[in-house]
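Novice: Numbering (the working numbering), first residue to last: 2 to 176.
For every residue, glycine included, the Cβ atom is placed at its ideal position computed from N, Cα and C.
What follows is a single structure, and I will ask about it in a moment.
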């Protein structure tokens with residue numbers, strides 16, 4: 002059985018490994034020097050349901066945050082229709098190369114968050130909910146839902162963070 006602290010340490014160590022940056026991006030007409038920004042994504046929701054096979058972010062924020070590590074510190078948001086394209090477009094779409102993620106849930110009545118490492122296998126939007134088929138890699142899904150954040154692994158994006166063509170996924174630092 003995996004303890005909360007070991008999952009927390011895995012996430013912290015994994016995030017440190019996931020964010021090395023060698024990037025070139027153009028954001029709002031401003032050029033940023035380097036080759037490819039590697040983006041980490043965050044989705045948040047008011048509540049969550051996870052049964053070990055399906056993850057439902059209930060009443061999810063309609064924007065997916067993305068960011069990179071220093072020195073460039075690129076940040077922005079994808080609208081859900083843009084997010085959906087990452088699942089279906091490009092030779093290395095998320096549908097073809099499933100991303101790993103850490104689900105962090107603040108369960109009612111618990112002091113600390115519950116963290117679960119998952120592989121996101123499919124994505125769909127259901128009204129205000131975001132629904133993923135998942136494979137649990139580490140941790141135990143929370144007994145009850147609560148405010149949650151989903152931290153999704155990196156993707157290298159050529160030229161701009163809003164480009165979908167020629168997506169080059171980095172797999173060396175996956176959980």
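Identify, in the order they occur along the chain, each residue of the same chain with its Cβ nearer than 8 Å to the Cβ of residue 59, setting aside the five sequence neighbours on each side.
Specialist: Cβ within range, chain order: 46, 47, 48, 49, 50, 129, 130 and 146.
Novice: State buried or exposed for residue 123, treating a residue as buried only when at least 16 other CB atoms are found within 10 Å of its CB.
Specialist: Under this definition residue 123 is an exposed residue.
Novice: Do you know whose CA, among 64, 153, 75 and 72, lies nearest residue 121's CA?
Specialist: Nearest C-alpha to residue 121: 153.
Novice: Starting from the N-terminal side, write out each stretch of the beta strand (DSSP E) that is 3 residues or longer and does not extend beyond the segment 63-98.
Specialist: 64-68 and 76-80, all fully within the segment 63-98.
Novice: Out of 87, 55, 104 and 102, point me to the one whose CA is closest to residue 96's CA.
Specialist: Looking at the Cα atoms, 87 is the closest of the given residues.
Novice: Tell me whether residue 145 sits in a helix, a strand or coil according to DSSP, three-state version.
Specialist: Coil, per DSSP.
Novice: Just to confirm, is the Cβ distance from residue 178 to residue 69 under 7 Å?
Specialist: Lying outside 2 to 176, the shown extent of the chain, residue 178 is not represented and no answer is given.
Novice: So residue 134 and residue 80 are in contact, right, with Cβ under 8 Å, and what is the actual spacing, rounded?
Specialist: That belief does not hold up - the Cβ atoms of residue 134 and residue 80 are roughly 22 Å apart, past 8 Å.
Novice: So, is residue 115 buried or exposed, given that buried needs 16 or more other C-beta atoms within 10 angstroms?
Specialist: Buried, because 16 or more other Cβ atoms sit within 10 Å of the Cβ of residue 115.
Novice: Whole angstroms are fine: how far does the CA of residue 57 sit from the CA of residue 149?
Specialist: Their backbone Cα atoms lie some 11 Å apart in a straight line.
Novice: Residue 1 and residue 43: beta carbons closer than 7 Å?
Specialist: Examination of residue 1 is not possible in this model, given that the chain is present from 2 through 176 alone.
Novice: Can you name the start and end residues of the beta strand (DSSP E) that residue 129 belongs to?
Specialist: Run containing residue 129: none; DSSP gives neither H nor E here.
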